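Undergrad: Sharing a structure here in structure tokens format.
Numbering (the numbering used here), first residue to last: 8 to 1122.
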């Protein structure tokens, strides 16, 4: 084999923008078995203080590179075993930087299933294909040479069959060219569009399949593609060939819809079926399979899934004694189908004889109707959910991830049909360039083979590849959104030292109440009902007041599930009246996944004495006290903070979310004496088994007194202790350093630092000395002390920070949950009011914020900050506590618009059109550079503040084009547009056989030759139309007392009014062409007696009408 495969870490460093030295250090630490949280916190001096995300990116890139290297070794061994490995090929394989490039190189040598080409090779036709490709035989001698390969024993009965098999081999050779696939892939990625249609459309009554196909939107764009023809757009056998070559081309003809996306499974089945000769592909959608000569297999090029052929009648038991049907007998299948339908109609089921049977049948009929109704309702729901994608297309480069996932779901539900459109002409040019030499004697034959390779083999493969890449990209984005939301949910600030009343709202089953102490222990539980009679509600109020007073509860935690708002109103009114002086407040808690925990084995193990409803309320209360410790007990996908989470790959999603949970647990740290096994299993270096053993050791021997006791736990060796000890804290233990983030391996250094600064271990415990201790540490010269102690600067900084704030919980720096005492009403809101809310959801156009009302308020993306924000997810996340101000209140629609921009801070205008970066020039200098202003044509002037008139539409201007800022006053007039050239009429248009294209064509048809010169544009056109309409109204009603036309208007009007032209005459038609400079504007359109303009004009042929705003409908 060639030189060994190596991994170049420079690609990783270059791709991530990280110095190579740091990347090498991370890789070395990972290879030594260190976890990412351990490296992030305790090996900063080695990694250069890389954060956890950067280290995980290095880990991910390293994993991909190693998988690529392993694949290279496998491919090299495989090709070498075939005896086809060359030095050039080995260098190409070793230099491949992507999996796609590597697989393209390996494709010609990959073991294949039975295909058309493999069958042709087994029949000994590969030498003929090689001779055709190398032009070893001339065009005149090809028939004679092909006849040499006739062998009936190998199922090659004719020369045409030999040429057809050679064509299959050439087709496969062309499809395996790495350079060809690379260039076609680039075209597909550059010009490809994802197109979706409704999967099933109702077929009109009385219309057969051919007519429906002809009337379908894509029928006009379908063309026939020849498998071995020179011209892919012809409608028959292309070229006049002689002998066997012409016969092979004729037998190789197939009609393939260009817009068809050929599935991989379909192509494999069709190829294998055709190669084995078992059965021919069925006709599908009016597209016939290839006509096959005797002993010649048809080429499977159909793009739709093929139905398996019906079993022969002789194989059916009821037809065993019948004579075989003639294969070409017309109408046999139709007659059989008609007889079967008639038999089904004329043979009704026997009528029920007894009342019990009638009841049973009626019940079955009712169930069937319910099932059909439910099925129909479900189908309507699916149709409604995906109706936006029934006629949708978007470029592959621009389609967002959430749309990809939605389209995939619609396709999986059989509601959408998805295909990829691309520039077919560009692909055909590339295929001809790389596969068909221009002076080749068999260029037509090679061109047909190359087109067949493009349509049948390459395009389906590349389209599957593109769909797979789009899905992977979308899934990666969805996992990232899920992970980001999950991290924010897990790191919510805990509520400590508060006694809580946890409430799980409900309607029929009532609200479950659980009183809990500050440690999460259950004190009491009750069930109350907030709906029903007034006596029942009053009883609930008394029960709640008694429970709060008895257990001295200060916070009510209400789950945000069903009946949440009604429960919130109940407690808000209770706090305002009966509990007004008790200092009680309430908070809304996200209860997603609480029901899953209440019925899980872990929930039953923790609280076996309570039922599921009480366990759910306990989970809600504990989430408020310590969200991280409680949420780790629930499977992350059940927390409901993801995007299409149930459509993602389970393994990928689970691995990513477990990384997030592991990161959060190790970011916060764990109290080893209170943590549950579910929390301990995410600690660095631990797993589910070691976590269970720590928990059992604690139950048997009591709380841990120091970190060294962890070594006594079975399964905790030296390597595990090093990885886990720093994240396991012991509060109130023998050594105060055990409650800090300082690792046991750094205790000697910490002791020397404390001795150097005069700090005793008791100072770390006494809270009254915290301020003076922090001030003393802040004055330390870190660089000098690190040099003195011969330790890393970053390690010393971490030790000093932990000595200044021992045992700090990083969640304490986050905003606390929003505590409320009353429900906010819509009538209480006024613009400018400041509120505090919780972000409930983040979407592309903004964020929904819970401000304590029934409905959440919307902060539009333009109101998130005083700067441009492309993606709201980058600015706010679910669970954030934000300050908002009321922007607008729509009391009719009960909608509240919010802003996060403080009042008085204006949002600066985006410099989206600015291009120059230098300082502004003085006004006089700008005027001097621009020069004198040219006079306006016709002596016209524009009023101040009016925009310049433009003859070009919005579609004529290029988008996303930067331009310099607009000056205070325009100094140069836009030159008039050049007149458009007149396109002459074709002979078919003059004969009435082809529809006209525009009004200009209609005027040419009437013999005017040129459209009327001049034209009105912009504001002037609208002003003249309004003026002519008023004058027409005054002429119709002489008694009108409207104001007379002004002198200015009279001066601009012609002195005489021309008689109105008939609606069909060219004088009545406005021109769509550009006006000719200096020409007189035409008269306006005529008015009917009712004052409305005629909007329909008949075409010369009298068949197709034309509208006032467009061209005749195209045929």
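Virtual Cβ for every residue (Gly too), placed ideally from N, Cα, C.
Only a predicted model underlies this, so the values are computations on that prediction, with no experimental measurement involved.
Tell me where the beta strand (DSSP E) around residue 426 begins and ends.
TA: That run of the beta strand (DSSP E) goes 423-428.
Undergrad: How big is the Cα-Cα spacing for residue 620 and residue 519?
TA: Cα-Cα distance, rounded: 7 angstroms.
Undergrad: Quick one: what's residue 402 bridged to in DSSP?
TA: In DSSP, residue 402 forms a bridge with 200.
Undergrad: Please name the residue, chosen from 769, 688, 118, that lies closest to residue 813 on a Cα-to-Cα basis.
TA: Of the candidates 769, 688, 118, the one whose C-alpha sits nearest the C-alpha of residue 813 is 769.
Undergrad: To the nearest angstrom, how far is the alpha carbon of residue 65 from that of residue 45?
TA: If you take the alpha carbons of residue 65 and residue 45, they lie about 15 angstroms apart.
Undergrad: My parser needs the beta strand (DSSP E) runs of 3 or more residues fully inside the region 449-511; what are they?
TA: List check, beta strand (DSSP E) in window: 507-511.
Undergrad: Can you grab the Cα-Cα spacing for the pair residue 91 / residue 80, in whole Å?
TA: Those two C-alpha atoms are separated by around 15 angstroms.
Undergrad: Taking only the alpha-carbon atoms, compute the straight-line gap between residue 436 and residue 186 and give it to the nearest angstrom.
TA: C-alpha separation (whole angstroms): 14 angstroms.
Undergrad: For residue 838, is the classification buried or exposed, using 16 other Cβ atoms within 10 angstroms of its Cβ as the cut-off for buried?
TA: With fewer than 16 other Cβ atoms within 10 Å, it is exposed.
Undergrad: If we call anything under 8 angstroms between Cβ atoms a contact, is residue 502 one with residue 631?
TA: In contact: residue 502 and residue 631 (Cβ atoms closer than 8 angstroms).
Undergrad: Whole angstroms are fine: how far does the CA of residue 678 sit from the CA of residue 740?
TA: Between residue 740 and residue 678, the C-alpha separation is close to 11 angstroms.
Undergrad: Could you round the C-beta distance between residue 182 and residue 427 to whole angstroms and report it? I think they count as a contact, below 8 angstroms.
TA: In fact, because the Cβ distance is near 18 angstroms, the residues do not count as touching under 8 angstroms.
Undergrad: Just mark residue 378 as buried or exposed, buried being the case when its beta carbon has 16 or more other beta carbons within 10 Å.
TA: With fewer than 16 Cβ atoms within 10 Å of its Cβ, residue 378 is classed as exposed.
Undergrad: What does DSSP give as the partner residue(s) for residue 593 in the beta ladder?
TA: Partner(s): 563, 827.
Undergrad: With 16 as the cutoff for other CB atoms within 10 Å, does residue 14 come out buried or exposed?
TA: Burial call: exposed.
Undergrad: For residue 560, I'd like the list of residues in its chain whose CB is within less than 8 angstroms of its CB, leaving aside the five on either flank, ordered along the chain.
TA: Once the five neighbours on either side are set aside, the close Cβ partners of residue 560 are 506, 507, 508, 522, 554, 591.
Undergrad: In angstroms with no decimal places, state the Cα-to-Cα distance between residue 827 and residue 764.
TA: Rounded to whole angstroms, residue 827 to residue 764 spans 46 angstroms at the Cα level.
Undergrad: Can you confirm whether the region 163-176 touches the region 122-137 when touching is taken to mean that 3 or more C-beta pairs between the two stretches lie within less than 8 angstroms?
TA: At 8 angstroms Cβ cutoff, the stretches touch.
Undergrad: For a minimum of 4 consecutive residues, which ranges assigned as the alpha helix (DSSP H) are wholly contained in the region 768-823?
TA: You should have 768-772, 777-785, 789-796, 800-811.
Undergrad: Give the list of continuous alpha helix (DSSP H) stretches no shorter than 4 residues that lie fully inside the region 597-627.
TA: Taking only runs of at least 4 residues, the alpha helix (DSSP H) segments lying wholly in the region 597-627 are 601-605, 608-613.
Undergrad: Quick one: grab the DSSP three-state call for residue 1004.
TA: Residue 1004 falls in the coil class under three-state DSSP.
Undergrad: DSSP on residue 853, reduced to helix/strand/coil?
TA: Strand, per DSSP.
Undergrad: Excluding the five sequence neighbours on either side, which residues of its own chain have a C-beta within less than 7 angstroms of the C-beta of residue 517, listed in chain order?
TA: 534, 535, 536.
Undergrad: Work out the CA separation of residue 455 and residue 158 for me, nearest whole Å.
TA: Whole-angstrom Cα-Cα distance: 25 angstroms.
Undergrad: Taking the alpha-carbon positions, what's the residue 721 to residue 691 distance?
TA: Residue 721 and residue 691: Cα-Cα distance of roughly 17 angstroms.
Undergrad: Ends of the alpha helix (DSSP H) at residue 518?
TA: Careful: residue 518 lies outside any alpha helix (DSSP H), inside the beta strand (DSSP E) at 518-523.
Undergrad: Among 105, 104, 86, which residue has its Cα nearest to the Cα of residue 96?
TA: When only C-alpha atoms are compared, the closest one is 86.
Undergrad: Where does the unbroken beta strand (DSSP E) through residue 163 begin, and where does it stop?
TA: Residue 163 -> no beta strand (DSSP E), and no H or E assigned at all.
Undergrad: Identify every residue that forms a DSSP beta bridge with residue 904.
TA: Residue 904 pairs with 865, 895.
Undergrad: Determine, using beta carbons only, whether residue 834 and residue 890 come nearer to each other than 8 angstroms.
TA: Result no, Cβ atoms of residue 834 and residue 890 do not sit closer than 8 angstroms.
Undergrad: If you follow the beta strand (DSSP E) that residue 534 is part of, which residue opens it and which one closes it?
TA: Residues 529-535.
Undergrad: Note down the Cα distance separating residue 597 from residue 655, rounded to an integer number of angstroms.
TA: Residue 597 and residue 655: Cα-Cα distance of roughly 23 angstroms.
Undergrad: Out of 483, 884, 1004, which has the shortest C-alpha to C-alpha gap to residue 658?
TA: Checked all of 483, 884, 1004; the closest Cα to residue 658 is 483.
Undergrad: In angstroms with no decimal places, state the Cα-to-Cα distance between residue 36 and residue 47.
TA: Rounded to whole angstroms, residue 36 to residue 47 spans 11 angstroms at the Cα level.
Undergrad: Give the single residue among 585, 526, 490 whose Cα lies nearest to the Cα of residue 1140.
TA: One cannot answer for residue 1140 here, as it falls past the ends of the chain, which runs 8 to 1122.
Undergrad: Measure the beta-carbon distance from residue 802 to residue 753 and round it to whole angstroms, keeping in mind my assumption that it falls under 8 angstroms.
TA: Yes, residue 802 and residue 753 are in contact; Cβ-Cβ is about 7 angstroms, under 8 angstroms.
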